[in-house]
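The structure appears below as structure tokens.
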Amino acid sequence: MGIFDDLLEAAKRGDEDEVKKIVSQHPELLHQRDDRGATVLHHAAFGGHRTIAEFLIHQGAEINARDAEFGATPAGWAIEYLREMGGFLAIELDDLAFAIERGDAIWVARLLRRFPSLHKASNSAGTLFSQMAEQTGDPEITRLFRSTEHPGE
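Under this note's numbering, the first residue of the sequence shown is numbered -8, with each subsequent residue one higher.
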């Protein structure tokens, strides 16, 4: 195992002292990528290791570096676990509610394609988006929700 692998493992397990030691001796590793194109900051963010992420950023890690697999930034990796559990950003929920209310089928389709489990989500008042779609009477938006009733399941 090489020094970069040691750094990644330290970041993954939250070993701040080891991360600091390796980065102080090998600052060039801040910009090195693993086989998925991810940086050490991606891995620290995914593990929820805030103090390590802060240290890496202060040392010059690229905060918006994109991985090669999905084009995801460290911020995207930071929320990945919650996304896997059905979590969304408030703006995503608000944007879907706005698109439904405005009758914008193009944006509703885009959001449902990007985040298929939104069909099970609710707006801030607790109303299911699928119910909002039905209430609009817009046949295209209603169809979009019916065609995504069980995505990926």
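Where a beta carbon is used, it is the ideal one built from N, C-alpha and C, also for glycine.
task = Identify every residue that forms a DSSP beta bridge with S113.
result = In the DSSP output, where bridge partners are listed per residue, S113 has L119.
ask   = Span of the alpha helix (DSSP H) holding H34?
value = Element bounds for H34: 31 to 37.
ask   = The alpha helix (DSSP H) spanning G203 covers which residue range?
value = As displayed, the chain neither begins before -8 nor continues past 144, which places residue 203 out of reach and without an answer.
request  = Look at the alpha carbon of G(-7) and the alpha carbon of D25, and state the distance between them as a whole number of angstroms.
outcome  = Rounded to the nearest whole angstrom, the C-alpha separation of G(-7) and D25 is 12 Å.
inquiry  = Spatial neighbours of A69 within its chain, please: C-beta separation below 6 Å, excluding the five flanking residues on both sides.
reply    = Here the set comprises A36.
Cβ-Cβ distance between Q23 and V31 below 9 Å = In this structure, V31 lies closer than 9 Å to Q23 by Cβ.
query = Are F120 and L87 touching if we call contact CB-CB under 9 Å?
reply = In contact: F120 and L87 (Cβ atoms closer than 9 Å).
task = Under 8 Å by Cβ, that's how I've got G94 and I132 pegged, so tell me the actual separation to the nearest angstrom.
result = In this structure, G94 and I132 form a Cβ contact; the two beta carbons are roughly 7 Å apart against a cut-off of 8 Å.
request  = Spatial neighbours of F79 within its chain, please: CB distance less than 8 Å, with the 5 preceding and 5 following residues excluded, ordered by chain position.
outcome  = Closer than 8 Å at Cβ, skipping near neighbours: F106, L109, A112.
task = Would you kindly check if the distance between the Cβ of H34 and the Cβ of L73 is under 9 Å?
result = In terms of Cβ geometry, L73 and H34 do not form a close pair [threshold 9 Å].
message = For a test of the three-state rule: what should DSSP assign to F89, helix, strand or coil?
response = Residue state, collapsed to three classes: helix.
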